[in-house]
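Number of protein chains: 6
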Amino acid sequence: MGFPFDTGATFRVGARFGPAAIRSMSVALRPYNPHFRIDLFKYCSAVDYGDLPTVPGAIEESNRRATAALTPLVRAGVVPIVLGGDHSISLPELRAIAEVHGPVALVHYDAHTDTYDEYFGQRYTHGTTFRRAIEEGLIDTEHSVQLGQRGSLYGERDWQYSRDAGLEIIPWEDVVAQGRAAVAERVKARVGQTKAFFSFDVDFVDPAYAPGTGTIEIGGPTSAEALDLVRRIEGLNFVAFDVVEVIPMLDPSQTTAALAANIAYEFMTFVALQKRRAAAVTK
Amino acid sequence: MGFPFDTGATFRVGARFGPAAIRSMSVALRPYNPHFRIDLFKYCSAVDYGDLPTVPGAIEESNRRATAALTPLVRAGVVPIVLGGDHSISLPELRAIAEVHGPVALVHYDAHTDTYDEYFGQRYTHGTTFRRAIEEGLIDTEHSVQLGQRGSLYGERDWQYSRDAGLEIIPWEDVVAQGRAAVAERVKARVGQTKAFFSFDVDFVDPAYAPGTGTIEIGGPTSAEALDLVRRIEGLNFVAFDVVEVIPMLDPSQTTAALAANIAYEFMTFVALQKRRAAAVTK
Amino acid sequence: MGFPFDTGATFRVGARFGPAAIRSMSVALRPYNPHFRIDLFKYCSAVDYGDLPTVPGAIEESNRRATAALTPLVRAGVVPIVLGGDHSISLPELRAIAEVHGPVALVHYDAHTDTYDEYFGQRYTHGTTFRRAIEEGLIDTEHSVQLGQRGSLYGERDWQYSRDAGLEIIPWEDVVAQGRAAVAERVKARVGQTKAFFSFDVDFVDPAYAPGTGTIEIGGPTSAEALDLVRRIEGLNFVAFDVVEVIPMLDPSQTTAALAANIAYEFMTFVALQKRRAAAVTK
Amino acid sequence: MGFPFDTGATFRVGARFGPAAIRSMSVALRPYNPHFRIDLFKYCSAVDYGDLPTVPGAIEESNRRATAALTPLVRAGVVPIVLGGDHSISLPELRAIAEVHGPVALVHYDAHTDTYDEYFGQRYTHGTTFRRAIEEGLIDTEHSVQLGQRGSLYGERDWQYSRDAGLEIIPWEDVVAQGRAAVAERVKARVGQTKAFFSFDVDFVDPAYAPGTGTIEIGGPTSAEALDLVRRIEGLNFVAFDVVEVIPMLDPSQTTAALAANIAYEFMTFVALQKRRAAAVTK
Amino acid sequence: MGFPFDTGATFRVGARFGPAAIRSMSVALRPYNPHFRIDLFKYCSAVDYGDLPTVPGAIEESNRRATAALTPLVRAGVVPIVLGGDHSISLPELRAIAEVHGPVALVHYDAHTDTYDEYFGQRYTHGTTFRRAIEEGLIDTEHSVQLGQRGSLYGERDWQYSRDAGLEIIPWEDVVAQGRAAVAERVKARVGQTKAFFSFDVDFVDPAYAPGTGTIEIGGPTSAEALDLVRRIEGLNFVAFDVVEVIPMLDPSQTTAALAANIAYEFMTFVALQKRRAAAVTK
Amino acid sequence: MGFPFDTGATFRVGARFGPAAIRSMSVALRPYNPHFRIDLFKYCSAVDYGDLPTVPGAIEESNRRATAALTPLVRAGVVPIVLGGDHSISLPELRAIAEVHGPVALVHYDAHTDTYDEYFGQRYTHGTTFRRAIEEGLIDTEHSVQLGQRGSLYGERDWQYSRDAGLEIIPWEDVVAQGRAAVAERVKARVGQTKAFFSFDVDFVDPAYAPGTGTIEIGGPTSAEALDLVRRIEGLNFVAFDVVEVIPMLDPSQTTAALAANIAYEFMTFVALQKRRAAAVTK
């Protein structure tokens with residue numbers, strides 16, 4: 031489902047058109063994922079649920095409406111894959127998820143932590159999402175991890191809030207130093223089989239691979255590295271996903287939209303694999 | 031001065047970068063306006079005051095800050111020419127202007143009336159600006175006029191609010207039917223020498239001439255016609271101006287920014303001509 | 031409904047993505063048309079039927095599939111408004127229309143006649159559409175008219191085929207010379223109340239207003255003039271419409287898509303007005 | 031022939047790629063001009079001579095090389111149609127032309143006079159071309175005219191140099207006031223049958239029609255008006271032409287290149303008509 | 031030579047303008063290849079042969095014409111380097127090549143196998159090229175290899191056709207796992223000194239490096255890795271080359287065209303090295 | 031400070047707008063550099079000095095003016111970080127630097143050596159900068175290094191001038207072969223504590239990461255590799271820096287401008303670290 035909203039953006043804006051762009055490029059996807067050797071629709075059914083209700087310019091009202099629309103779906107057992115929209119949308123998603131599942135582990139791939147207390151004096155923005163979510167008790171911080179942070183900061187304590195709250199931060203420099211395999215193991219060990227939410231900000235990837243986003247940070251992973259880091263943590267117990275911050279007006283060749291569509295496709299593969307495992311167990 | 035804000039936008043977004051784009055194209059302007067045969071800086075001094083303080087994502091807070099910053103300038107006798115920004119910015123401007131000058135006549139060139147009561151349930155958006163301004167008593171409606179409206183409406187009574195409030199609406203079809211000269215005379219007659227505020231939305235012009243804006247309406251004036259309709263009402267008693275809704279990401283050849291820069295230049299010419307007249311009278 | 035096909039294009043290509051782009055910009059349209067003072071959905075119901083089936087790269091096969099899909103709809107009394115796609119799509123549309131209604135009058139606004147015998151030796155292209163349609167007896171040529179032709183030709187007899195076939199051609203130079211009102215009267219007089227098909231190629235309009243199309247011809251009408259020429263012939267007995275040749279990749283500010291959406295909106299208005307008239311008569 | 035040079039540009043730059051872009055769009059032109067009812071190649075032969083030799087970054091050296099390459103062609107009776115390149119290229123062209131034909135009448139369609147004495151202290155730029163040409167005695171000023179000037183100036187005497195030198199300036203406002211027919215007669219009367227050079231700067235046209243150029247001035251003619259003003263002066267004794275200032279990087283839909291290609295096509299038509307007249311006289 | 035054709039494209043389209051774009055960026059190439067320490071034109075001569083004849087919209091007819099035009103060149107000993115155009119062009123090329131040389135080994139760098147049986151029911155598309163070529167006996171499958179395949183598939187047997195036909199597929203994941211050096215040795219060992227055809231689809235490279243193409247697949251090689259994989263197989267007995275699927279409208283900074291020009295340059299280097307080796311042997 | 035000049039460019043042009051674009055993206059930078067764990071403004075003060083005076087189209091005059099403006103700043107102890115502008119700007123910078131500091135070591139990251147003797151017969155271009163600087167004795171060649179060269183050359187001796195002059199060239203292929211750590215040690219060992227000038231051409235980076243530049247060379251470093259190679263040589267005695275060749279018109283998503291802003295940020299970090307070290311020593 032789409033979440034066409036960008037009032038949470040503090041710099042370059044336009045992610046309200048992100049869902050449409052991702053859908054547009056998703057038509058080139060095919061049902062069989064050769065990496066995991068699985069035909070997705072043999073194991074799960076998927077539906078484009080359309081867009082969640084939003085109010086451009088009004089973040090708190092949009093959050094309320096989206097949570098209200100999403101909660102019954104989650105309650106009905108749907109595993110939502112939400113297409114953003116700026117990163118502020120993860121908060122109303124988490125409210126719906128936690129309402130049904132209780133606090134969940136956060137797996138957060140992003141160049142930023144999005145745990146600032148406020149931006150321009152505002153408490154609800156795309157840079158404060160996970161601070162609010164932690165304060166509201168939506169996240170099981172002990173099993174949560176933020177991965178890929180890089181770029182300049184406001185100060186040396188920027189990452190401290192997450193750490194004090196119990197999250198683990200694995201900055202991109204650490205991924206490079208330790209290797210993707212080792213880091214993926216750390217993530218898997220930490221999250222375990224806790225119910226988890228996977229939030230993927232396309233600025234996690236280097237801007238060469240995802241130019242169409244607001245707050246680019248150079249020196250990040252290639253799309254191959256990003257895909258690898260996603261695939262390596264397959265097997266966790268994800269109950270919801272999002273992929274956010276696609277701005278089509280900054281994406282002249284639609285490469286960012288294609289990247290996001292592929293990430294969503296891997297997410298759908300995760301669900302199919304869960305279903306296949308569940309089916310195998312049942313037998 | 032710039033007003034880099036676009037949280038009021040209900041459709042295509044990005045006018046927060048409008049002021050920078052307009053300034054960028056303004057470097058090609060030269061000091062002598064041959065139409066009015068005047069060397070601007072012989073009669074007035076101008077300064078780029080920088081940008082008004084704004085908070086992306088928070089329209090009411092931005093409005094407060096901008097009004098607070100603008101009011102002392104207006105009080106000091108500055109005639110502000112504000113570069114937007116989406117059209118919601120006219121409200122905080124009008125608050126500052128009315129605080130000093132009392133209610134002013136509105137001269138509003140735009141494809142839309144921007145007098146809806148709400149958008150998506152929100153009272154502060156770029157489509158409700160002048161409704162709020164009228165409700166707050168900032169506009170001397172009897173001497174005010176809206177010119178250039180066209181395009182599809184929500185219903186037959188869309189324009190009625192303005193009319194009931196005492197404004198005159200001259201839709202673009204009427205301009206075409208009556209001719210620019212006659213219409214300009216109507217505007218001048220109506221406004222008289224009331225203190226006035228000129229608000230120019232670039233979507234007044236046909237999208238061929240101003241592609242870089244959010245809510246385009248086809249079938250509008252050429253830039254030549256728009257310029258003519260601006261120049262013809264010179265002589266009114268303007269105390270403030272704005273030119274709004276430039277979205278650089280939708281303006282690949284910077285033609286919309288150039289148009290806006292030229293409109294601001296005509297506004298500056300109006301000020302110079304006022305000063306010249308005042309100087310002549312003094313002598 | 032969309033007709034996402036562009037294999038008929040002989041120069042710049044990409045109109046297969048035209049329908050999606052037109053839909054995307056159509057969200058800014060509102061239900062009340064102030065020119066005709068009518069609330070569309072009070073008089074007619076409309077549905078986005080999705081896209082007709084096509085086969086990229088295979089024009090004859092696409093034509094067959096589209097005609098097969100469209101015919102039952104026409105038979106059921108639907109008045110189709112087709113969003114192209116290159117101009118070759120009018121042929122399969124006309125086959126469906128004529129199957130139900132018999133030969134229809136053609137009202138064709140375009141910079142070109144599209145009546146060449148072949149292009150690069152091919153009989154089915156976007157430049158041969160109406161020749162084929164005439165040969166197949168789909169068009170009531172005596173009541174048909176082509177309007178707006180301009181630009182360089184292959185030879186002095188390029189327009190002769192249409193004339194020999196009984197169509198009237200009103201080149202753009204004649205429209206300028208005679209005036210839009212007079213020309214519109216000629217069109218109305220010629221078509222009368224014959225069942226008619228309105229085909230609007232966006233290259234009818236000057237490329238300043240419709241840059242996102244394949245075969246641009248400078249020196250054409252503004253969007254205001256084009257809109258006027260559409261509106262002036264309201265009252266004819268249209269049974270089908272299309273608006274074609276939008277290429278989003280050449281339309282960076284989506285102005286061409288907006289133009290096409292507005293033309294389709296006028297077409298929908300025509301249907302609503304027909305219904306209102308029919309309802310009035312019934313009473 | 032192309033003249034891929036832009037070191038004379040004082041603002042937006044990139045016209046060195048103009049000739050390639052114009053050629054690219056010229057493939058859509060066809061041999062018969064219906065306005066003048068002539069098949070061009072029945073009366074004249076044309077060849078793409080390739081590009082004149084230039085040295086990026088070195089204006090005086092480029093001028094020398096281009097004049098040296100062009101002079102023998104002019105001497106051999108070729109009527110050159112030069113595709114620019116920034117407007118500084120007209121100077122080396124005029125040197126070659128005057129070398130063979132003596133001083134020629136200048137017919138100059140442009141938003142600017144290009145007769146400044148210097149820019150940033152430089153004597154050879156795209157804004158000083160015709161001042162240098164006059165100083166060098168290359169122009170028969172008594173039979174020359176500059177048409178279409180508009181936009182802000184450095185001072186009230188900007189246009190005085192041309193007038194003092196004996197040229198006639200017809201600013202765009204005068205064209206609007208007097209009408210295109212009357213103005214064209216003035217041009218024809220003034221030039222008479224003097225050998226003439228037609229220089230067409232694409233910024234003559236409004237930026238909606240020619241966004242891909244460096245120094246845009248809003249409020250100019252449509253492409254239809256421009257084309258009309260070109261066609262109306264057919265019959266003069268042109269010995270050379272250029273069309274200049276196309277910048278492809280600012281021309282995302284190639285509309286400016288198409289406009290320039292069409293202007294060059296009209297120039298070629300002028301040559302064909304001259305030949306036809308000459309042939310008729312001979313018989 | 032160019033092969034400006036894109037009717038075989040099933041998704042994003044416009045490769046008909048690919049050859050012009052590649053040529054445009056090729057002007058920045060210089061004659062000495064420092065990797066192979068060779069001055070190309072000391073050992074081989076090269077000519078831009080222009081474009082092969084094509085018919086937009088008609089794939090089988092285009093194939094016929096192109097094969098007819100290419101065969102005599104191949105027969106005359108020319109080693110063609112063809113600039114595409116969509117990947118359907120390799121089929122008519124292979125027909126010409128096999129006509130002269132008999133079946134050749136295929137070295138195919140691509141994100142896809144292009145061995146589907148049909149697309150939308152069509153047998154001739156850019157996704158079925160090599161199936162047709164194998165069926166027609168144009169490829170010596172035992173010495174052939176496809177390298178770089180990745181992305182989602184229609185089903186688990188998508189790659190089976192190639193394998194059943196005797197080709198080797200080395201998906202991109204295998205290249206990553208085994209290393210480029212080892213994989214290049216596999217390719218060289220397999221092809222040996224069989225006469226070979228090198229077909230390089232720019233979507234082989236990650237879309238960050240080649241955004242200007244139709245069917246992008248994320249997670250691919252960098253341009254450095256791609257270049258390395260090309261250079262490492264130097265020494266094979268190539269008799270023809272192509273580089274395909276460049277779509278300029280999706281390539282705003284011309285980086286894809288530059289990539290393709292460089293790949294063609296490496297191909298030309300291969301020819302020069304062959305000639306140098308042959309000359310050395312002769313002595 | 032900016033150096034908005036591009037007359038030295040021999041191919042794609044427009045770097046005169048580079049400084050504005052880099053500043054525009056620099057607003058997303060924050061004061062704390064986590065890699066070096068330093069809050070920049072605790073140790074150094076920085077000011078945007080505006081643009082150096084230039085004359086478009088006149089390289090030698092621009093050089094003179096820029097050197098004249100820069101020299102007093104360098105003399106006053108300012109460590110300039112210059113934002114280009116094409117690479118010709120390093121020459122006037124070096125003249126100012128050497129005037130104060132004497133010949134300096136050059137650390138030059140670039141795909142090209144820029145040590146050609148002339149381009150199109152011109153001695154002052156962006157491809158001859160460092161030849162002129164060496165000839166003028168501005169560079170301490172024994173302690174200088176050029177890193178990252180790749181792409182085709184004019185001949186095998188292209189790199190010989192640098193080597194004969196005493197510079198070390200480390201082509202990109204050598205960096206790949208030897209590893210970044212080893213290469214960085216070579217650079218540090220060679221430069222030692224000689225006063226040094228760091229010149230970073232954005233075409234050093236692969237065009238996927240820096241599309242917005244004139245002379246792209248494929249197969250280069252990622253932005254992560256580039257950043258690493260910059261950071262690894264921290265500790266040298268830099269007295270001036272520049273980052274050059276950003277062309278905004280070729281940078282649709284502003285990724286190149288963001289890269290350049292980040293490189294300048296690392297340069298500023300170098301200065302802050304120097305100051306911190308100096309402060310520590312003082313205590």
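Residue numbers (this note's numbering), protein chains in the order written: chain P, 31 to 313; chain B, 31 to 313; chain C, 31 to 313; chain H, 31 to 313; chain L, 31 to 313; chain Y, 31 to 313. Virtual Cβ for every residue (Gly too), placed ideally from N, Cα, C. On a predicted model such as this, the values are computed, not experimentally measured, just so you know.
Between B:Ala195, B:Thr286, B:Pro251 and B:Leu124, which lies nearest to alanine 98 of chain B when the distance is taken from Cα to Cα?
The shortest Cα separation from alanine 98 of chain B among B:Ala195, B:Thr286, B:Pro251 and B:Leu124 belongs to B:Leu124.
Here's the rule: buried if 16 or more other CB atoms are within 10 angstroms of the residue's CB, otherwise exposed. What is alanine 288 of chain H?
The residue is buried, with at least 16 neighbouring Cβ atoms inside 10 Å.
From the DSSP output, in three-state form, read off tyrosine 139 of chain C for me.
Correct three-state label for tyrosine 139 of chain C: strand.
Determine the extent of the beta strand (DSSP E) in which aspartate 204 of chain H is found, giving its start and end residues.
Run containing aspartate 204 of chain H: none in the beta strand (DSSP E); it sits in the alpha helix (DSSP H), 202-208.
Going by Cα to Cα distance, which pick from H:Gly44, H:Met31 and H:Thr40 is closest to proline 278 of chain H?
It is H:Gly44 whose Cα lies nearest to the Cα of proline 278 of chain H.
Quick check: what's the CA-CA separation for glycine 157 of chain B versus valine 85 of chain P?
Distance between the alpha carbons of glycine 157 of chain B and valine 85 of chain P: 14 Å.
Taking the straight line between their C-alpha atoms, what separation do you get for glycine 209 of chain P and glycine 209 of chain L?
Computed Cα separation, rounded: 17 Å.
Starting from serine 54 of chain C, trace the alpha helix (DSSP H) in both directions and tell me its first and last residue.
Its alpha helix (DSSP H) spans residues 48-56.
Tyrosine 184 of chain Y touches chain L at which residues, Cβ-Cβ below 8 Å?
Correct list: Arg60, Pro61 and Tyr62.
Can you pull the DSSP bridge partners for leucine 177 of chain Y?
Paired residue(s): Y:Tyr139 and Y:Ile200.
Determine whether the Cβ of leucine 280 of chain B lies closer than 8 Å to any Cβ atom of chain C.
So yes, leucine 280 of chain B belongs to the interface.
Give the interface partners of asparagine 292 of chain L over in chain Y, defined as CB-CB distance under 9 Å, in chain order.
Gly181, Ser182, Glu247, Ile248 and Gly249, listed in chain order.
Please compile the residues from chain H whose C-beta is within a distance smaller than 7 Å of the C-beta of arginine 331 of chain Y.
Only positions 31 to 313 of chain Y appear in the structure, and residue 331 of chain Y is not among them; the question remains open.
Tell me which residues of the region 101-117 of chain L have at least one Cβ-Cβ distance to chain P shorter than 9 Å, keeping chain order.
Of all residues in the region 101-117 of chain L, none has a Cβ within less than 9 Å of some Cβ in chain P.
Below 8 Å, how does it come out for the region 152-171 of chain P and the region 59-76 of chain P: are there three or more Cβ pairs, yes or no?
With the cut-off at 8 Å, the region 152-171 of chain P and the region 59-76 of chain P do not touch.
From the DSSP output, in three-state form, read off aspartate 194 of chain C for me.
Helix, per DSSP.
Three Cβ pairs or more, each shorter than 8 Å: is that satisfied between the region 135-146 of chain B and the region 53-73 of chain B?
Verdict: no, contact absent.
Say whether chain L places a C-beta atom closer than 8 Å to the C-beta of aspartate 236 of chain Y.
Yes, because at least one Cβ of chain L sits closer than 8 Å to the Cβ of aspartate 236 of chain Y.
Who are the near neighbours of valine 235 of chain Y in its chain, counting only those whose CB is closer than 7 Å to its CB and skipping five residues on each side?
Closer than 7 Å at the Cβ level, and outside the excluded window around valine 235 of chain Y, lie Gly250, Pro251, Ser253, Ala256 and Leu289.
On the criterion of 16 or more Cβ atoms from any shown chain inside 10 Å, does valine 175 of chain P qualify as buried, or is it exposed?
Buried, because 16 or more other Cβ atoms sit within 10 Å of the Cβ of valine 175 of chain P.
Straight-line CA distance for aspartate 140 of chain P to valine 232 of chain P?
Near 7 Å, if we compare the C-alpha coordinates of valine 232 of chain P and aspartate 140 of chain P.
Output needed for alanine 309 of chain Y: all residues of its chain with C-beta closer than 8 Å, excluding positions within five of it in sequence on either side, in chain order.
Same-chain partners within the cutoff: Tyr73.
Answer with yes or no whether the minimum CB distance from glycine 38 of chain Y to chain H is below 8 Å.
Closer than 8 Å to some Cβ of chain H, the Cβ of glycine 38 of chain Y qualifies, so yes.
Anyone know if the C-beta pair for tryptophan 202 of chain H and threonine 143 of chain H falls short of 8 Å?
Against a cut-off of 8 Å, the Cβ pair of threonine 143 of chain H and tryptophan 202 of chain H comes out as no contact.
Find the nearest neighbour of arginine 261 of chain B within the set B:His65, B:Pro61, B:Ile52 and B:Arg60, judged by alpha-carbon distance.
When only C-alpha atoms are compared, the closest one is B:His65.
When burial is assigned at 16 or more other CB atoms within 10 Å of the CB, is proline 49 of chain B buried or exposed?
Burial call: buried.
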